[in-house]
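Enquirer: The following block contains the structure, expressed as structure tokens.
Residue numbers (full-length UniProt numbering), protein chains in the order written: chain W, 1 to 371; chain V, 1 to 547.
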């Protein structure tokens, strides 16, 4: 391709560079396709302008130089020329604005959606709620910390993989209602042609209609704190029948997972579950070894809170820290069982051998006390 | 002399104390001379350029390959934030103010800036502000990490580093407002007879319009960061939806400052280039009048386009369309300027000394940034490109190849007048070609990264982005290294450069080239009588006294 050849000349770089993408990724929605085409149009127009304008300039540099013996002519204005080079750009801009206006109106027409999903941005994960179908889940980065920290191999979808993708049916107009829990995030999947800020306290909507089944990946696009680079988005588009099957299965597991809040869990089971909850929610700051990051995130291993003050421990996990906004109020995000499990884990992992077991009913009681 | 005057200045005739050139540290601490203050600004800006540059290299080192190598993500965010703040408020803005201090009085025939003591104060506010930013890295929680835009509510989460940053912004804002008042009053009141507004050099026009922009928008920035401060500590809820506030309000106010700020960093560059291109083309500036009007209309339009930074916040279609059209319109006066510069070069008798090279580099690369700006102005496309490396590429073409290259051009151009010596031309040219090459190697691939889907402000990335990031990091380190060439050239030439003529550039025709080199410490203590042509061309000068 011509553009790639130009690039090769430009950088003199090896063919490895050329393997990387140089343009918008292949669009899979009508809107994304229109954006792609409009961007190509702009690229040709602006590229043409650049070549034309600087062609003239470099011609002058070659010919009208002192070293070539050129004498300066002393004109310094020409009204006709000045009017022409004011009007021509104006006309070019109008030609660009026309298709752009049509596309913007199309992007903004979210009416007539067949499926509505509420998307909530958290620091640093996404929550999806299929409003009419009773299915809701968190979607976390599934790349292990060990890959980020250079000790394990990285897969093809390094940092662009999640434990629970957003599943949508193909050929269906899907409307997302976006909001956020803490700070502003932005939900962006390039191949869908969708980017929308998720703003705490406000709901914004955006729509897409995927034609081809497939997995499409994106990332949070608005700086949202420490792990902004680690909250990917994965959308799985499935044929409507597959989607229905997935939905039915999800509804079934959701019902099965409705846990008895009064169940008394043995320590080992809580530890196993707590380790998972910890890996999804806590490890980014407090680290896998529980040592935290000195000066930024407190250690849990050996801390007074995680070894002695049990009510304080439950309170800070449920309600967040008053002193440090980075410690979220997990009560809004996790179930009683998950919170009980993770607190139990933190009180028994690493060097913390307290033997304490926190049960879901303790968490329920602590919530009750707050309310 | 009247009795009152002599009563006020009893020792005037005997001591002549204020005409003597002070020496030692007090010369700088108590400086009221516009040339001394101008030099202080330039040195300060250069040291901040190095500081901000080191932060940039810390960013590029981490992004050299995937994975976390050097920094924790939180520290990485601190680097991106402080890099932006320091380059904008510490390097580029003070550098332009410094040049204005040095050159405006010489260009318009004024004895000094209008308010010499305020001038001292506006400079000496800057080092403490920079110090606050520097020590913010050492406080608990580290420096501000919300991006230079300090978006709420992220900025209400940070530790006390954010408070130090807010305080630093207040101080720098006060400094630049005072500097601007000085520029405006000097230009409006201290022009020598004959130097009328529509004859004034373009750099004076650009500085004047920029100064008005600063006075208009710095209080807006101060206001919005103060709102963040009260949200953080005094229980207000401007940006907290739970308390009835609106996080997007922050962005509206910030960008009402932020977009004019873009032109605060671009207009003086236009002014500088409008001197250098005519000088080395040996031909008057083409379309002087339309340049003045184009600069003014860019300034006015800059207040009507702020929400193009916010297309993905989910504003209604009508608002997107309004801000898109308004933004696209800016291309017209900007285009006029580029065409005027080329019209100036056309049929000239060009030579290519270092200032001219940087000026031509400026025009080409600034235009690349302008054209990617037009692409970004299309709201429909911006949806894909907002907050990606495409935007990073775009504004570095405008700010590095734009503002910074124009500053290099200016320093090389006026170095002889400031110091009385010539810089090394061959090292200057080497500095240009080296910077040009590595600038493009660093920033051009970022267009591809952004298009391919790499968000900005992330410390780690998927492998598909590796090659271009590695390339950009190599480019950045080479670019950074090249700036040491500039520093060494300046430092060496300051002492050992060849003595410069009063008018070292054949085509230079503005007032500063009519006086001795180096410029006398007290120039134009008595205003000259001038016959002036467009763009400050001096046809004849009568009188004028210097010490």
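C-beta atoms are modelled at their ideal positions from N, C-alpha and C, and glycine is treated no differently.
1) Taking 8 Å as the CB-CB cut-off, is residue 222 of chain V touching chain W?
2) Answer yes or no: does any C-beta atom of chain W fall closer than 8 Å to that of residue 28 of chain V?
3) List the endpoints of the continuous alpha helix (DSSP H) containing residue 478 of chain V.
4) Hey, which unbroken runs of the beta strand (DSSP E) at 3 residues or more fall wholly within the segment 202-256 of chain W?
5) Starting from the C-beta of residue 110 of chain V, find all residues in its chain whose C-beta is less than 8 Å away, skip the five residues before and the five after it, and write them out in chain order.
6) Could you tell me how far apart the beta carbons of residue 243 of chain W and residue 168 of chain W are, in whole angstroms, since I believe they sit closer than 8 Å?
7) Measure from the C-beta of residue 296 of chain V to each C-beta in chain W and report whether the shortest distance is under 8 Å.
8) In chain W, which residues lie less than 8 Å from residue 346 of chain V when you measure between Cβ atoms?
9) For a cutoff of 8 Å on Cβ pairs, would you count residue 355 of chain V as touching chain W?
10) Would you give the residue range spanned by the alpha helix (DSSP H) that residue 261 of chain V belongs to?
11) Which same chain residues, not among the five before or five after residue 305 of chain V, have their C-beta less than 7 Å away from its C-beta?
12) Going by DSSP in three states, residue 363 of chain W sits in which element: helix, strand or coil?
13) Using 8 Å as the limit for Cβ to Cβ distance, is residue 386 of chain V near chain W?
14) How would you label residue 121 of chain V, buried or exposed, when you count the other beta carbons within 10 angstroms and need 16 or more for buried?
15) Under 8 Å, do residue 45 of chain W and residue 96 of chain W count as touching if we go by C-beta distance?
16) I'd like to know whether the C-beta atoms of residue 76 of chain W and residue 286 of chain V end up nearer to each other than 8 Å.
17) Helix, strand or coil: how does DSSP classify residue 83 of chain V here?
18) Mind checking who residue 543 of chain V pairs with in its DSSP beta bridge?
19) Indicate the three-state DSSP secondary structure (helix, strand or coil) for residue 551 of chain V in the structure shown.
20) I need the DSSP call for residue 91 of chain V, collapsed to helix, strand or coil.
21) Determine the contact status of residue 317 of chain V and residue 105 of chain W, defining contact as a CB-CB distance below 8 Å.
22) Checking the sheet assignment: what are the DSSP bridge partners for residue 29 of chain W?
23) Would you tell me roughly how many angstroms separate the C-alpha atoms of residue 302 of chain V and residue 136 of chain W, rounded to the nearest one?
24) One question on the structure: do residue 381 of chain V and residue 38 of chain W come within less than 8 Å of each other, judged by their Cβ atoms?
25) Measuring CA to CA, which of V:274, V:401, V:183, V:234 is closest to residue 100 of chain V?
26) Could you tell me whether the Cβ of residue 271 of chain W comes closer than 8 Å to any Cβ of chain V?
27) Using a Cβ-Cβ cut-off of 8 Å, state whether residue 549 of chain V counts as contacting chain W.
28) Residue 512 of chain V CB to nearest chain W CB: under 8 Å?
29) Check the Cβ-Cβ distances between residue 503 of chain V and every residue of chain W, and say whether any is below 8 Å.
30) Based on Cα-Cα distance, which residue from V:158, V:511, V:77, V:45 lies nearest to residue 129 of chain V?
31) According to the Cβ coordinates, are residue 548 of chain V and residue 167 of chain V closer than 8 Å?
32) Return the CA-CA distance between residue 5 of chain V and residue 279 of chain V, expressed in angstroms with no decimal places.
33) My output table needs one value for residue 434 of chain V: the three-state DSSP class, helix, strand or coil.
34) Is the Cβ of residue 336 of chain V closer than 8 Å to any Cβ of chain W?
35) Run through the segment 58-119 of chain W for me and flag every whole beta strand (DSSP E) of 3 or more residues, listed as ranges in chain order.
36) Taking Cβ positions, are residue 358 of chain V and residue 409 of chain V nearer each other than 8 Å?
Expert: By the coordinates alone:
1) no
2) no
3) 466-496
4) 204-208, 214-220, 232-238
5) 104, 186, 190, 191, 192, 524, 527
6) 7 Å
7) no
8) 56, 60, 64
9) no
10) 247-264
11) 259, 323, 326, 327, 330
12) helix
13) yes
14) exposed
15) yes
16) yes
17) helix
18) V:528
19) The displayed coordinates of chain V run from 1 to 547. Any statement about residue 551 of chain V would go beyond what the structure contains.
20) helix
21) yes
22) W:210
23) 45 Å
24) yes
25) V:183
26) no
27) The shown model of chain V, from 1 to 547, leaves out residue 549 of chain V, and the question about it has no answer.
28) no
29) no
30) V:45
31) Lying before the first or after the last residue shown, residue 548 of chain V is absent from chain V, which here runs from 1 to 547.
32) Reliability of the predicted coordinates at residue 5 of chain V is poor, the pLDDT of 43 falling under 50, and no value is obtained from them.
33) helix
34) yes
35) none
36) yes
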